[in-house]
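Please read the structure below before turning to the comments.
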Amino acid sequence: MSKISSDDEVFLAPEMNAFGRQFRDYVADSERQKSVEEFYKTQHISQTLDFVKKMRNDYGRLDKMVMNNWKCCELLNEVVDESDPDLDEPQIQHLLQSAEAIRKDYPNEDWLHLTALIHDLGKVLTLPQFGGFPQWAVVGDTFLVGCAFDESNVHHKYFMENPDFHNPNYKTKVGIYSEGCGLENVFMSWGHDD
Numbered sequence: 010m011s012k013i014s015s016d017d018e019v020f021l022a023p024e025m026n027a028f029g030r031q032f033r034d035y036v037a038d039s040e041r042q043k044s045v046e047e048f049y050k051t052q053h054i055s056q057t058l059d060f061v062k063k064m065r066n067d068y069g070r071l072d073k074m075v076m077n078n079w080k081c082c083e084l085l086n087e088v089v090d091e092s093d094p095d096l097d098e099p100q101i102q103h104l105l106q107s108a109e110a111i112r113k114d115y116p117n118e119d120w121l122h123l124t125a126l127i128h129d130l131g132k133v134l135t136l137p138q139f140g141g142f143p144q145w146a147v148v149g150d151t152f153l154v155g156c157a158f159d160e161s162n163v164h165h166k167y168f169m170e171n172p173d174f175h176n177p178n179y180k181t182k183v184g185i186y187s188e189g190c191g192l193e194n195v196f197m198s199w200g201h202d203d
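In our numbering, the protein residues as written are 10 to 203.
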């Protein structure tokens with residue numbers, strides 16, 4: 010276990026995932042890793058600026074459905090995140106484990122417990138009643154679009170197959186943006202956090 014501490018608190022973080030490997034190991038030689046890499050290949054090829062703008066327009070109004078949080082959590086029993094090299098379980102288990110770990114380590118921060126519980130609710134977009142989107146359009150790491158793809162992105166090599174990679178307007182570090190414009194003024198890959 011790795012020890013992470015602040016002034017008066019200590020958190021023991023596990024060093025191995027459910028598969029006995031280090032967390033976020035995107036190069037391990039395993040069946041799970043092969044499917045994770047294939048996921049990122051598809052995501053990196055498909056998440057374009059035009060796609061992000063369309064999804065923001067279609068889903069940004071949050072007018073598709075109303076339901077309570079627990080009902081939404083229960084729906085995640087049907088979703089296993091294909092991008093996660095550490096977990097091959099339904100997302101409801103991930104939500105509950107995250108919320109409980111946060112509750113245990115930060116018992117007086119009830120807002121943080123709730124945040125951990127609901128942080129992945131947007132993954133219901135993969136279910137038919139919410140659009141049935143392919144996982145590349147919902148889960149996985151988030152990155153900027155409309156500018157050069159940063160080389161620190163997992164499986165960066167697959168961005169070369171993204172149509173935006175070849176657009177001269179997007180090839181520079183800032184692309185269509187201006188330096189220091191702020192997160193509210195950029196386009197990020199579309200996903201469950203939106």
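Ideal placement from N, C-alpha and C gives every residue a C-beta, glycine not left out.
Fair warning: this is a prediction, and the values are worked out from it, not measured in the lab.
Please report the distance separating the alpha-carbon of residue i from that of residue j.
| i | j | result |
| --- | --- | --- |
| cysteine 82 | tyrosine 179 | 37 angstroms |
| serine 198 | threonine 151 | 6 angstroms |
| histidine 128 | tryptophan 145 | 18 angstroms |
| histidine 53 | glycine 189 | 25 angstroms |
| leucine 153 | valine 195 | 7 angstroms |
| valine 61 | glutamate 40 | 30 angstroms |
| proline 143 | glycine 191 | 29 angstroms |
| lysine 182 | valine 147 | 25 angstroms |
| glutamate 98 | methionine 76 | 24 angstroms |
| leucine 84 | aspartate 95 | 21 angstroms |
| aspartate 93 | glutamine 106 | 15 angstroms |
| glutamate 46 | leucine 134 | 21 angstroms |
Residue i and residue j: beta carbons closer than 9 angstroms?
| i | j | result |
| --- | --- | --- |
| cysteine 156 | glycine 200 | no |
| tyrosine 49 | glycine 149 | yes |
| asparagine 86 | glutamine 100 | yes |
| phenylalanine 139 | methionine 74 | yes |
| aspartate 173 | threonine 57 | yes |
| valine 103 | aspartate 90 | Reading off the sequence shown, one finds histidine at residue 103, where the question assumed valine. Yes, Cβ-Cβ distance for histidine 103 and aspartate 90 is below 9 angstroms. |
| leucine 126 | valine 88 | no |
| asparagine 171 | serine 55 | yes |
| glycine 69 | aspartate 202 | no |
For residue i, which three-state DSSP category applies?
| i | result |
| --- | --- |
| phenylalanine 142 | coil |
| isoleucine 185 | coil |
| phenylalanine 152 | coil |
| phenylalanine 158 | coil |
| methionine 64 | helix |
| methionine 169 | helix |
Tell me whether residue i counts as near the ligand PLP, meaning its Cβ is closer than 8 angstroms to at least one heavy atom of that ligand.
| i | result |
| --- | --- |
| histidine 128 | The ligand PLP is not part of the structure shown, which contains no ligands of any sort. |
Consider the Cβ of residue i: report whether some Cβ of chain D lies at a distance smaller than 9 angstroms.
| i | result |
| --- | --- |
| isoleucine 127 | As a matter of chain content, chain D is missing from the structure shown, which is built from one protein chain. |
Quick one: any contact between the stretch 164-174 and the stretch 113-126, if contact means 3 or more CB pairs under 8 angstroms? With a cut-off of 8 angstroms, the stretch 113-126 and the stretch 164-174 do not count as touching, because too few Cβ pairs lie within range.
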